[in-house]
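Following: one structure in structure tokens, then a few remarks.
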Amino acid sequence: MTWVRVPPGSDFSFDNLPFGIVRPLRPAGMSPRAVIRIGDHALDLVAAGIAPALTSQPTLNQLMASRAGRDVRSRAADVLSGPERADWLHALADVEVLLPISIGDYVDFYSSIHHATNLGRIMRPNAEPLLANWRQLPVGYHGRAGTVAVSGTPVTRPEGLVPGADGVGQLMPTAALDFELEVGFLVGGPRATRISPDEADEHVFGAVLLNDWSARDIQGFESQPLGPNLAKSFMTSISPWVVTIEALRPFLVDPPAQQPEPDPYLHARRPWALDMHLDVELNGTRITETDFAGMYWTFAQQLAHITVNGATTGAGDLFGSGTVSGPTASERGSMIELTWRGTQPITLADGSTRAFLDDGDTVTMRGYCSTGSRDDDSSGRVGFGEVTGTVLATPSRNPPRPDASVGHTEPGG
Ligand code: MN
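Going by our numbering, the residue at position 143 of the sequence shown is 124; the numbering climbs one at a time, nothing skipped.
Below, the structure written as structure tokens:
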């Protein structure tokens, strides 16, 4: 099918061909450009002469906005299955992989019924876990587009107001740093509004893995009644390879039944759940493993919801699925669920325990679609690679006073 050697089990089979933005490291001075990933290589779309006005840009935004953008992938497939042109390939080791999109608007949802139910039980143990609106609309909030970062970017532990026993907030580094396992969807095509769910594939260009880093103690104090705000805005990580809606199409399946049936503007006839496997590792220990197909609200319904009031959406907008949690304890997509707000710490392979994330911890999320069984690598995978990030300590606000420690080294002094 292709002259490129694709390692068995690669996320980036010929069936996938996701877009990314890279800067070739050699020769020096090369500019960022659009590529198509295959196996452990990237096809240089500029070198291959494919839509150079769109592919020589430092982001995918113009390509995603253009109707010609979808044609680029099929032309790349023709190149990859035609006469060998190794000179148009970069080895992944020879490029810097960049944030592929200049994010426009960013909305994050809350669309897993298992996640919302777990959070309801943790936060309001004596009440109905789901609030009355939850089954009627996909609940969401506006996030911070400018702090979306590409996989590999370290996350600095944020500070915020955390209440003491007296209820007074004090500025301090969060003691409850968390991740959220999510899938992010990227809008393409011309600006549009009032999108019907069954037209979602005309307006969604592709998808990425998304880690919605969260500070639970800051979130709890500030989100009364609006939010989240600073508890989430410090950083959101995405994977660098934009898996196209065309590549995902074979994995679209029926979502779970919705009860009660939602308002007609949210009603879809076509299947918009995505049959995708997800997992999370913390310092190399797998701590959760779940499936995306069980999400209550689909990306098509989310897109219909954010435009039903007449708001427009356009290429480069990002919307997150909300934390993906499944029905069992081993399928929880955040630390607050896995440790039940820190009351049941988890144990890692090195014997250490975690209630929330420590400085130095590395969180890695992976995801893929496959027509084979979970461990069958023989079929063409459509994978997302990974989104990873390591926690850095909060930088000290005040330099240490030079005489403070000296004075205490003199016993009785
Ligand atoms: Mn989230």
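For every residue, glycine included, the Cβ atom is placed at its ideal position computed from N, Cα and C.
With 16 other Cβ atoms within 10 Å as the buried cut-off, status of residue i
| i | result |
| --- | --- |
| His123 | exposed |
| Asp(-8) | buried |
| Pro81 | buried |
| Ser306 | buried |
| Val168 | buried |
| Gln282 | buried |
| Gln205 | exposed |
| Ser302 | buried |
| Thr174 | exposed |
| Asp89 | buried |
| Pro178 | buried |
| Trp(-16) | exposed |
| Ser240 | Checking the displayed sequence, the identity of residue 240 turns out to be Gln instead of Ser. That one is exposed. |
| Pro13 | buried |
| Ala15 | buried |
| Gly20 | buried |
| Glu109 | exposed |
| Ser(-6) | buried |
Other residues of its chain near residue i: CB distance less than 7 Å, five sequence neighbours each side excluded
| i | result |
| --- | --- |
| Leu329 | Leu263, Asn264, Thr266, Arg335 |
| Leu319 | Ile268, Thr269, Arg313, Ile327 |
| Ser220 | Ser132, Val189, Leu190, Phe365, Gly366, Glu367, Val368 |
| Leu111 | Ala97, Thr98, Gly101 |
| Gly72 | It is Ala, not Gly, that sits at residue 72 in the sequence shown. Result list for Ala72: Asp21, His22, in chain order. |
Which listed residue (the options) has its alpha carbon closest to that of residue i
| i | options | result |
| --- | --- | --- |
| Phe365 | Arg(-14), Met(-18), Trp(-16), Leu(-2) | Leu(-2) |
| Arg347 | Ile268, Val129, Ala67 | Ile268 |
| Trp278 | Ala254, Asp272, Tyr349 | Ala254 |
| Leu259 | Arg250, Pro252, Ala249, Phe273 | Phe273 |
| Val234 | Thr320, Met257, Gly148, Ala285 | Met257 |
| Leu338 | Glu367, Gly121, Thr371 | Thr371 |
| Ala415 | Ile287, Phe232, Ala58, Pro252 | The question about residue 415 has no answer, for the chain in this structure spans -18 to 394. |
| Pro135 | Pro33, Thr271, Thr217, Gly361 | Thr217 |
| Tyr349 | Phe215, Gly63, Ser83, Thr271 | Thr271 |
| Asp342 | Leu61, Asp159, Gly187 | Asp159 |
Contacts around residue i, its chain only, beta-carbon distance under 6 Å, and the 5 residues preceding and following it disregarded
| i | result |
| --- | --- |
| Arg378 | none |
| Arg172 | Thr293, Gly295 |
| Gly170 | His184 |
| Thr288 | Thr174, Arg175, Ile176, Thr294 |
Own chain partners of residue i with C-beta closer than 8 Å, once the 5 adjacent residues on each side are dropped
| i | result |
| --- | --- |
| Glu415 | This structure cannot settle anything about residue 415, because the visible part of the chain is limited to -18 through 394. |
| Ala28 | Asp68, Trp69 |
Where residue i falls: helix, strand or coil (DSSP)
| i | result |
| --- | --- |
| Gln151 | strand |
| Asp25 | strand |
| Thr304 | coil |
| Val224 | strand |
| Pro5 | strand |
| Glu242 | coil |
| Asn192 | strand |
| Phe(-5) | coil |
| Met104 | helix |
| Met(-18) | coil |
| Asp159 | strand |
| Ala385 | With a pLDDT of 47 at Ala385, under the threshold of 50, the modelled position of that residue is not reliable, and the figure given next carries that caveat. Three-state DSSP puts Ala385 in a helix. |
Minimum Cβ-Cβ distance from residue i to chain B less than 7 Å
| i | result |
| --- | --- |
| Gly1 | This model lacks chain B altogether, as it is built from one protein chain only. |
Inter-stretch contact at 8 Å, needing at least 3 Cβ pairs: the region 192 to 202 / the region 156 to 169: yes
Segment contact flag, the region 125 to 134 with the region 144 to 158, C-beta cutoff 8 Å, min 3 pairs: no
Three-pair Cβ contact test at 8 Å for the region 309 to 318 versus the region 209 to 226: no
Segment contact, 8 Å Cβ cut-off, at least three pairs: the region 1 to 15 with the region 31 to 43: yes
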